[in-house]
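Using our numbering, the first residue of the sequence shown is number 682, and each one after it goes up by one.
From the three backbone atoms N, C-alpha and C, an ideal C-beta is built for every residue, glycine too.
Since the model is a prediction, treat every value here as computed from it, not as a measurement.
Please read the structure below before turning to the comments.
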Amino acid sequence: MRGPASTLSSTTLRVLIASSEVHPYSKTGGLADMTGALGRALARAGHQVGMVKPLFRGLRERVPQLRRQDWRFDLPLGNRRVDAELWVHEPEPRLTVYFIGHDPYFDRAGLYNENGRDYPDNAERFIFFSKCVVHLGRYLPWRPELIHVHDWQTALVPLLVRHQRRHEGWTEAPRTCLTVHNLAYQGYFPAWAYELTNLPWDYFHPDCAEAYGQLNCLKAGIATSDRLTTVSPRYAREILTEEFGEGLAWLLRRRQSHLRGILNGVDYDEWNTEHNPHLPASYSWQDLRGKALVKQALLQEMGLPGSPEMPLFGTITRLAEQKGLDILLPALHEMLAASMRFVLLGSGEARYADALQRLQKLYPQKVAVRIGFDAGLAHRIEAGCDFYLMPSRFEPCGLNQMYSLRYGTVPIVRAVGGLDDTVVDARESLSRANGIKFHEYSAAALAHAIRKAMVLYRHPDLLRQYQINGMKVDFSWDRTATEYTQVYREALAAPLLD
Ligand code: ADP
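Dropping the structure here:
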């Protein structure tokens, strides 16, 4: 094994980041924003970075610079062998993105599901992808010294690496780090899927890959990764409790000394109000006039009357239980009688989409709902609204509240996870206040927070102070990337876990 001393003395690191989603290639949520920005930030800091992801549908057309490599994956998957192609893109110096091409798995309309149904072979698809990651980690000529995996889709990688180090002669195997972006998604599959790993059944026990007789991919990663991180300090504490631990709190507590909460950064090259191709006007904290123009344009785009005196509330969200739609809908039913309007962009569960569309029918002059995924409209909602609603049941980090702060759109959030870490309420600091927090998970508590926002809206000087406070907060990636490199160096210096 490479001596930790030599690794410690070198200033640059060789890191392979593996994720099912990487912005700007494929995205369903914050995972993509985070991995894409992390890779770029590490490369810009001088580290050698590889990123590996599946070659999903449409990428070859959208990224014409993709080159096919002379590389052969021919890997066991249960009792079969499956091959794949390797495609490469080098978007900037020191950053190489590797795409695993296997059309039967990845050339599909969705990443994980279609028409609200998970693909029935998700275990097979992502176990195979994880094996390709390990294969690259082992044979890439630049020899990554650490593999950083994200969420359940790649969480079997640390176990596969550990097994190959112990039993298959990979003496110089890299260290591993697993980031949990959302503990609610664990990659649970029937036990037979474990056969696809080709690992011995020794690991299929409740301290590792098994839970209640099933395969649990995330659990295997939590048990075997050299380092664990999650995406905000508060969520790192919350997941140690039964309330937020999703059945894994005991295991996380066991691994607590290797767990760290690192707040995600914001890619301000993309999420800014001054050089943004998605916005019809620009503005800054020194001069907010352009924001009113964006609001007017947004109202028009969404088909709402252009009366600027009414506050506009907005949200962009996956339509999933986590995001608090069960309290948002009744709170809006209560509040829409008052002088406010609401716009929403979201995709996900049909029951929420239907309920939102009913709300729109009930209040056609006040509510506009767009079901779908639209990156440009997401920027315009962030910028054109006065207030941004994020009433999450739980929120590992949350990016939209950070985007709102930068866009001068006051966030109204439930005080959980990363929302609590990033938003400052007047009760915490009057001079630094930039948002409104509520605690109880109830429609009444959210409606109360919306009422507070409407009072704030009637005090333009105070509102402006909130906006300026938010716009000046800096969540840039430099800090986040530095914290990750600290974790990597710790992993490289620590004795091997066995
Ligand atoms: P999560 O990852 O839990 O969905 P985050 O707040 O961390 O939530 O990140 C969500 C990201 O996905 C943001 O960049 C947000 O703008 C984007 N997003 C979510 N839904 C949509 C949508 N329907 N259209 C465009 N962007 C969306």
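Sequence-distant Cβ neighbours of Gly727 in its own chain, meaning closer than 6 Å and more than five residues away, are Thr693. Taking C-beta atoms under 8 Å as the contact rule, Leu993 and Lys972 fail to qualify, at a distance of about 11 Å.
Taking a cut-off of 8 Å on C-beta distances, the stretch 1146 to 1165 touches the stretch 716 to 732, as three or more cross pairs fall below it. Here DSSP, grouped into helix, strand and coil, assigns Gln746 to coil. Taking the C-beta atoms as reference points, Ala901 is found no nearer than 8 Å to Ala917. Shown here for Thr922: same chain residues with a beta carbon closer than 7 Å to its own, the five before and five after excluded, namely Ala930 in chain order. For Gly926 against Ile920, the beta-carbon gap comes to about 5 Å, under 8 Å, which counts as contact. Counting along the chain, the unbroken alpha helix (DSSP H) around Met1016 starts and ends at Leu1006 to Met1016.
Relative to the ligand ADP, the nearest heavy atom lies less than 7 Å away from the CB of Ser1028.
In this structure, Leu944 and Ser913 form a Cβ contact; the two beta carbons are roughly 5 Å apart against a cut-off of 8 Å. Between Cys858 and Ala1172, the CB-CB gap stays under 8 Å. The beta-carbon separation of Ala699 and Val842, rounded to 11 Å, does not stay under the 8 Å limit for a contact. In the DSSP assignment, Ser988 is bridged to no other residue. About 5 Å separates the beta carbons of Tyr1084 and Trp952, which is inside the 8 Å limit, making them a contact pair. Here the C-alpha atom of Leu697 lies approximately 22 Å from the C-alpha atom of Gly868. Counting C-beta pairs with one atom in each stretch, the stretch 981 to 999 and the stretch 1130 to 1148 have three or more that are closer than 8 Å, which means they touch. According to DSSP, Asp888 shares a beta bridge with no other residue. His848: member of the alpha helix (DSSP H) spanning Val838 to His848, first to last residue.
By the beta-carbon neighbour count (other beta carbons within 10 angstroms, threshold 16), Lys1042 is exposed.
Annotation for Leu1080 indicates a beta carbon within 7 Å of some heavy atom of the ligand ADP. Of the candidates Gly759, Tyr793, Thr996 and Glu795, Gly759 places its Cα closest to the Cα of Thr878.
The alpha helix (DSSP H) runs lying completely inside the stretch 1009 to 1061 and spanning 4 residues or more are 1031 to 1043, given in chain order.
In the three-state scheme derived from DSSP, where H, G and I count as helix and E and B as strand, Tyr706 is classed as coil.
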